[in-house]
Every structure is written in C-alpha cells, then in structure tokens.
Amino acid sequence: MAEALRCTDQWGRTIALAQDQWRDHILAAHPEMTGREALVRQTLTDPICVNQDKDFPNRENFYRPFVIRPPRTLAYMKVCVEFRNRPFGRAPRGEVVTAYPTTTIKQGEPRKWSQENF
15 MAEALRCTDQ
25 WGRTIALAQD
35 QWRDHILAAH
45 PEMTGREALV
55 RQTLTDPICV
65 NQDKDFPNRE
75 NFYRPFVIRP
85 PRTLAYMKVC
95 VEFRNRPFGR
105 APRGEVVTAY
115 PTTTIKQGEP
125 RKWSQENF
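So the sequence shown is numbered by my numbering: it starts at 15 and just counts up by one.
Encoded structure:
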C-alpha cells in the first residue's frame, strides 16, 4: 500500500496516511485539503493538543492552529488517527482516518495532552 506520509508523534508512535485514504476519502470530502500534506504532518508531529475521540476509544484527534487564506481566518487542522495494538509488545501504529480544517476544537473530547500555554 502506497503512503502519502509517514511520521512519528511525540510518544514515538509511527503514524501513516495511505495514499488511497488521502485521495479517496480526505480530498474527496474536503477538497480544501489539496496541497496540505505538510500541515497534516506538522499537526501530527507538533500538535497544540491531542484529544481522545469521544465515539471511538482507539482514535485520537490531533489539533494545530493555522490561518486559512483568504480570508485570513484562524482555524485548526484536525487529524483523526486510529491506533492499533501490535503483537509482541511493539508500539501501537496509527493510521490517519481523516483530516480537515475546523474553526473549533470539538467539545466533549477528553483531553489526552496539550501544550503548557494552551
């Protein structure tokens, strides 16, 4: 399976985004994500906060602020990652489920981690 990106989060977990998922799900549902692969990577490696998904216990939502141009509106990149446990004590591996801009951090998601001044 071809990957659009692969990176490591701050806990040392590998996260991958399949090319098919990028093209057939993320870009199909959110065409404004075209050309935003670097922002997705940055959100995963340097988020402002990470929340537990309120509906799926094996998913985490990474958020990072950015500016949408035009009209220069502050927004957050939200990247939803599903983690699967791996055998033999190996670290979980994450797969990006979706990514899109949002104007707010979703209420009701339990906070896993956030930057000190956030």
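Just so you know, even glycine gets a beta-carbon here, dropped at the ideal spot from N, CA and C.
For Q33 and F70, the rounded distance between their alpha carbons: Going by the C-alpha atoms only, they are around 23 Å apart.
Cut-off 8 Å between Cβ atoms - residues of its own chain near E74, not counting five sequence neighbours on either side: Result list for E74: V64, N65, Q66, D67, C94, V95, F97, G108 and K126, in chain order.
Proximity test, R83 beta-carbon vs the ligand ATP heavy atom, cut-off 6 Å: Summarising the ligand content, the structure contains no ligands, and the ligand ATP is consequently not present.
Other residues of its chain near A16: CB distance less than 6 Å, five sequence neighbours each side excluded: Sequence-distant Cβ neighbours of A16 in its own chain, meaning closer than 6 Å and more than five residues away, are Q33.
Simplified DSSP state of Q129, which is helix, strand or coil: DSSP places Q129 in coil when its eight states are reduced to three.
Close beta carbons around T116, own chain, < 6 Å, minus the five adjacent residues each side: If the five residues before and after T116 are omitted, its C-beta is found closer than 6 Å to the C-beta atoms of Y90 and K92, all from its own chain and listed in chain order.
Per DSSP, the bridge partner or partners of I82: Its beta-bridge partners are T87.
Collapsed DSSP secondary structure at Q56 in the structure displayed: Helix, per DSSP.
Whether R78 touches L19 by CB criterion (7 Å): In this structure, L19 does not lie closer than 7 Å to R78 by Cβ.
CB contact flag (L58, I29, <7 Å): The criterion of a C-beta distance shorter than 7 Å is satisfied by L58 and I29.
Candidates V110, Y114 and K120: closest to Q35 by CA position: Comparing alpha carbon positions, the residue from V110, Y114 and K120 closest to Q35 is V110.
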